[in-house]
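Everything below concerns the one structure shown next.
Number of protein chains: 2
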Amino acid sequence: MSESHNHANKALAPRRHDEILRRIASDGSVSIADLSAFFEVSRETIRRDLKLLGDKGQLELIHGGAVRFDAIEPGLGERTRENAQGKRVIGGIAAALVEDGMVVFLDSGTTTFAVAHALAGSRLNLTVCTSSLAIALFLCHQPNIKAHILGGEIDPREEAAAGLDVLQAVERFRIDIAFLGGGAVSPDGDITDFTTAGSLLRSQMISKAHKAYFVLDSSKFGRLTPMKISNTVKAAGIITDRRPKDVLLNVLVERGVDLLFPLR
Amino acid sequence: MSESHNHANKALAPRRHDEILRRIASDGSVSIADLSAFFEVSRETIRRDLKLLGDKGQLELIHGGAVRFDAIEPGLGERTRENAQGKRVIGGIAAALVEDGMVVFLDSGTTTFAVAHALAGSRLNLTVCTSSLAIALFLCHQPNIKAHILGGEIDPREEAAAGLDVLQAVERFRIDIAFLGGGAVSPDGDITDFTTAGSLLRSQMISKAHKAYFVLDSSKFGRLTPMKISNTVKAAGIITDRRPKDVLLNVLVERGVDLLFPLR
DNA sequence: AATAGATATCACATTTTGCAACACAATACT
DNA sequence: AGTATTGTGTTGCAAAATGTGATATCTATT
Numbered sequence: 007m008s009e010s011h012n013h014a015n016k017a018l019a020p021r022r023h024d025e026i027l028r029r030i031a032s033d034g035s036v037s038i039a040d041l042s043a044f045f046e047v048s049r050e051t052i053r054r055d056l057k058l059l060g061d062k063g064q065l066e067l068i069h070g071g072a073v074r075f076d077a078i079e080p081g082l083g084e085r086t087r088e089n090a091q092g093k094r095v096i097g098g099i100a101a102a103l104v105e106d107g108m109v110v111f112l113d114s115g116t117t118t119f120a121v122a123h124a125l126a127g128s129r130l131n132l133t134v135c136t137s138s139l140a141i142a143l144f145l146c147h148q149p150n151i152k153a154h155i156l157g158g159e160i161d162p163r164e165e166a167a168a169g170l171d172v173l174q175a176v177e178r179f180r181i182d183i184a185f186l187g188g189g190a191v192s193p194d195g196d197i198t199d200f201t202t203a204g205s206l207l208r209s210q211m212i213s214k215a216h217k218a219y220f221v222l223d224s225s226k227f228g229r230l231t232p233m234k235i236s237n238t239v240k241a242a243g244i245i246t247d248r249r250p251k252d253v254l255l256n257v258l259v260e261r262g263v264d265l266l267f268p269l270r
Numbered sequence: 007m008s009e010s011h012n013h014a015n016k017a018l019a020p021r022r023h024d025e026i027l028r029r030i031a032s033d034g035s036v037s038i039a040d041l042s043a044f045f046e047v048s049r050e051t052i053r054r055d056l057k058l059l060g061d062k063g064q065l066e067l068i069h070g071g072a073v074r075f076d077a078i079e080p081g082l083g084e085r086t087r088e089n090a091q092g093k094r095v096i097g098g099i100a101a102a103l104v105e106d107g108m109v110v111f112l113d114s115g116t117t118t119f120a121v122a123h124a125l126a127g128s129r130l131n132l133t134v135c136t137s138s139l140a141i142a143l144f145l146c147h148q149p150n151i152k153a154h155i156l157g158g159e160i161d162p163r164e165e166a167a168a169g170l171d172v173l174q175a176v177e178r179f180r181i182d183i184a185f186l187g188g189g190a191v192s193p194d195g196d197i198t199d200f201t202t203a204g205s206l207l208r209s210q211m212i213s214k215a216h217k218a219y220f221v222l223d224s225s226k227f228g229r230l231t232p233m234k235i236s237n238t239v240k241a242a243g244i245i246t247d248r249r250p251k252d253v254l255l256n257v258l259v260e261r262g263v264d265l266l267f268p269l270r
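From first to last, the protein sequence lines stand for chains A and B. So for the first sequence, the numbering used here puts the first residue at 7; every next one is plus one. So for the second sequence, the numbering used here puts the first residue at 7; every next one is plus one.
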């Protein structure tokens with residue numbers, strides 16, 4: 007009942023979690039061996055801690071420890087192969103929304119690249135406008151597609167034009183349908199992004215395009231990234247490859263978001 | 007936080023991969039010996055890391071290490087190898103004309119790509135503006151270079167932005183020095199081009215840039231292509247890899263063209 | 001082309017880590 | 001009180017990562 011420190015004991019685990027997150031933030035990674043030595047607890051305990059934090063999307067589990075999310079993010083070629091199947095599915099759904107003669111905008115990102123593949127495979131005659139160098143390079147060789155690149159400074163991580171120039175360049179287009187990437191979908195249904203520039207471009211596309219969809223593979227759900235994309239869900243649908251968890255799904259439909267995923 | 011710096015952190019493969027990719031991006035190559043010493047792991051381990059990254063297409067394995075993977079395949083790949091040596095020479099001469107802090111324009115084409123390589127190899131801090139997707143893709147990963155892409159419709163043959171949009175996009179830049187490609191140099195000293203759009207862009211660059219040079223490897227001399235680049239030689243120099251025949255050389259100097267080629 | 005030195009490749013041994021089931025203690029709940 | 005819940009530790013075994021050494025291959029230098 008009324009023992010001496012009822013709150014203090016409870017704080018043990020959270021204290022570890024704090025320290026773990028602190029280390030992740032400052033060093034980019036932690037190892038189970040180090041942590042279990044530091045806290046003088048068994049490796050299993052640390053493993054459980056990490057699993058818990060991992061499920062909350064605060065870090066990424068790897069063999070022998072954990073790393074910061076964005077630490078594993080940069081590799082572009084890597085991301086491409088990651089969940090390739092899911093991305094193909096998304097590409098298919100997206101392409102089905104497109105009609106002959108449309109002007110399509112494709113954001114940078116590996117999932118949107120999958121959409122590009124699907125569009126190339128369709129026989130639709132399209133004009134595609136993109137900020138991604140790789141997508142432009144790929145699509146310009148497709149006979150059914152006229153590719154446009156948006157000008158601007160190149161962000162090496164995305165291999166795509168970024169910044170204010172892009173916002174201006176977009177102004178010159180009339181976009182029928184836009185497919186946007188995003189960093190994550192937070193547990194309360196906000197679509198978020200890694201950078202300010204990215205989130206700006208995306209919000210602008212939502213208001214600019216006749217229709218706008220986010221393409222987000224299932225690994226993005228429940229994660230957290232810093233920038234919120236304003237007025238996100240107001241005008242946009244989300245295309246994904248797996249039915250989200252019920253909690254999240256309810257939040258999203260409640261907000262009136264169109265949610266497209268394969269029936270399985 | 008007593009002991010925060012433990013770079014002797016155990017293993018954590020992704021951490022190594024991260025560092026390896028970082029080095030590949032910034033230095034262009036890594037050696038197994040260096041890496042195994044740095045991470046204090048066996049060469050085998052590094053070898054396995056590299057193989058893994060290599061299989062994912064993030065780098066290219068070579069004897070003793072790995073180098074950056076230049077993803078320049080489609081169509082352009084062949085032309086790139088053509089007279090590669092000559093193009094390297096031209097790149098070197100061109101890079102010598104560039105000074106720290108300049109804003110450089112690079113036209114599309116394989117010879118200008120060689121210039122891009124040379125610029126990347128120099129330690130100069132530059133802003134490079136180009137219409138070529140491949141050049142932008144390559145340069146954006148160079149630590150000393152800020153890459154800009156000019157927006158516009160993509161010409162599949164050149165894999166570069168073309169058309170009126172590009173002419174407008176260029177207007178927004180102040181260019182210190184421009185390196186232009188070209189289809190051919192006619193026997194009477196005119197620089198000519200394959201397309202109208204191309205010749206337009208090039209003439210515009212000549213008047214727009216503070217200095218403008220054509221980079222033309224020796225195979226271009228004496229050829230003929232349809233479009234004449236107006237006011238060509240007025241303000242431009244020509245960089246090439248071999249001294250042209252005397253007849254042509256005389257015509258050119260008579261017109262007051264700066265002609266740069268290696269003394270051999 | 002012949003040689004030496006460095007590097008790659010392969011198979012196998014060793015170490016580290018992951019996972020799951022269960023035991024045990026401390027705490028919370030009614 | 002008793003019982004459920006939660007957090008931790010322990011154990012055994014499977015899986016993964018790493019190290020080691022013998023042998024094959026490459027590169028450069030002569």
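Ideal Cβ placement from N, Cα and C applies to all residues, glycine included.
Around the C-beta of B:Leu269, are 16 or more other C-beta atoms found within 10 angstroms, so that it is buried, or is it exposed? exposed
Quick one: is A:Ser138 buried, meaning 16 or more other Cβ sit within 10 Å of its Cβ, or exposed? buried
Following the continuous alpha helix (DSSP H) through A:His123, name the residue where it begins and the one where it ends. Thr116 to Gly127
Identify, in the order they occur along the chain, each residue of the same chain with its Cβ nearer than 6 Å to the Cβ of A:Arg49, setting aside the five sequence neighbours on each side. Ile38 and Ser42
DSSP state of B:Ala39 mapped onto helix, strand, coil: helix
Residues in the same chain with beta-carbon distance under 6 Å from B:Ala184, minus the five sequence neighbours each way, listed in chain order, please. Phe111, Met211, Ala215 and Ala218
Across which residues does DSSP place B:Cys135 in a beta bridge pair? B:Phe111 and B:His154
Taking the alpha-carbon positions, what's the B:Arg261 to B:Arg208 distance? 19 Å
Using a Cβ cut-off of 7 Å, pull out every chain A residue sitting near B:Ala168, in sequence order please. Ordered by position in chain A, no residue passes the 7 Å Cβ test against B:Ala168, which lies about 10 Å from the chain.
Mapping the DSSP letters down to three states, classify B:Ile52 as helix, strand or coil. helix
Does the beta-carbon distance from A:Ser32 to B:Leu18 come in below 8 Å? no
Against chain B: residues of the stretch 136-164 of chain A by CB proximity under 8 Å: Leu139, Ala140, Ala142, Leu143, Leu145, Cys146, His147, Lys152, Ala153, His154, Ile155, Leu156, Gly157, Gly158, Glu159, Ile160, Asp161 and Pro162
Using the rule of at least 16 other Cβ atoms within 10 Å of the residue's Cβ for burial, across every protein chain shown, is A:Val257 buried or exposed? buried
Rounded separation between A:Glu79 and A:Asn150 - CA only: For A:Glu79, the predicted structure reports a pLDDT of 43, less than 50, and the residue's modelled location is therefore unreliable. A value from the coordinates is still provided. Going from the Cα of A:Glu79 to the Cα of A:Asn150 covers about 33 Å.
Members of the stretch 182-198 of chain A near chain B, C-beta cut-off 7 Å: none
Taking the alpha carbon of B:His23 as the reference point, which residue from B:Ser205, B:Leu59 and B:Ile68 has its own alpha carbon closest? B:Leu59
Since B:Ala19 meets chain A, which of its residues come closer than 9 Å, beta carbon to beta carbon? Ile68, His69 and Gly70
Could you tell me which chain A residues have their CB closer than 7 Å to the CB of B:Ala175, listed as they occur along the chain? Gly157
Going by DSSP in three states, B:Thr198 sits in which element: helix, strand or coil? strand
Can you pull the DSSP bridge partners for A:Ile245? A:Val221 and A:Leu266
Selection from B:Met108, B:Phe144, B:Leu56 and B:Arg129 that minimises the alpha carbon distance to B:Ala120: B:Phe144
For B:Val257, the residue or residues it bridges with in DSSP: BP columns for B:Val257 are empty, so no partner.
Cβ closer than 8 Å: which chain B residues qualify as neighbours of A:Ser48? The premise fails here: A:Ser48 is roughly 17 Å from chain B at the closest Cβ pair, so nothing lies under 8 Å.
So A:Val253 contacts chain B; which residues on that side make the cut at Cβ distance below 8 Å? Per Cβ cutoff of 8 Å: no residues; A:Val253 is ~30 Å from chain B at best.
Measure the CB-CB distance between B:Leu156 and B:Ala140 and report whether it falls below 8 Å. no
CA-to-CA distance, A:Ser213 to A:Ile96, given in whole angstroms: 23 Å
State the start and end residues of the unbroken alpha helix (DSSP H) segment that holds A:Ala175. Leu170 to Glu177
Three-state secondary structure (DSSP) of A:Asp106: coil
Any beta-carbon of chain B closer than 8 Å to the one on A:Ser209? no
Just confirm the distance between the C-beta atoms of B:Glu117 and B:Leu222, as a whole number of angstroms; I'd bet it's less than 8 Å. Sequence inspection shows Thr at residue 117 of chain B; the Glu mentioned does not correspond to that position. B:Thr117 to B:Leu222, Cβ: 7 Å. Contact.
Less than 7 Å between C-beta atoms, sequence neighbours within five positions excluded: which residues of the same chain meet that for A:Glu131? The sequence shown places Asn at residue 131 of chain A, not Glu. Counting only Cβ-Cβ distances below 7 Å, and skipping sequence neighbours, we find Asp106, Gly107 and Asn150.
Neighbourhood of A:Gln148 by C-beta, 7 Å cutoff - its chain only, sequence neighbours within 5 removed: Ala126
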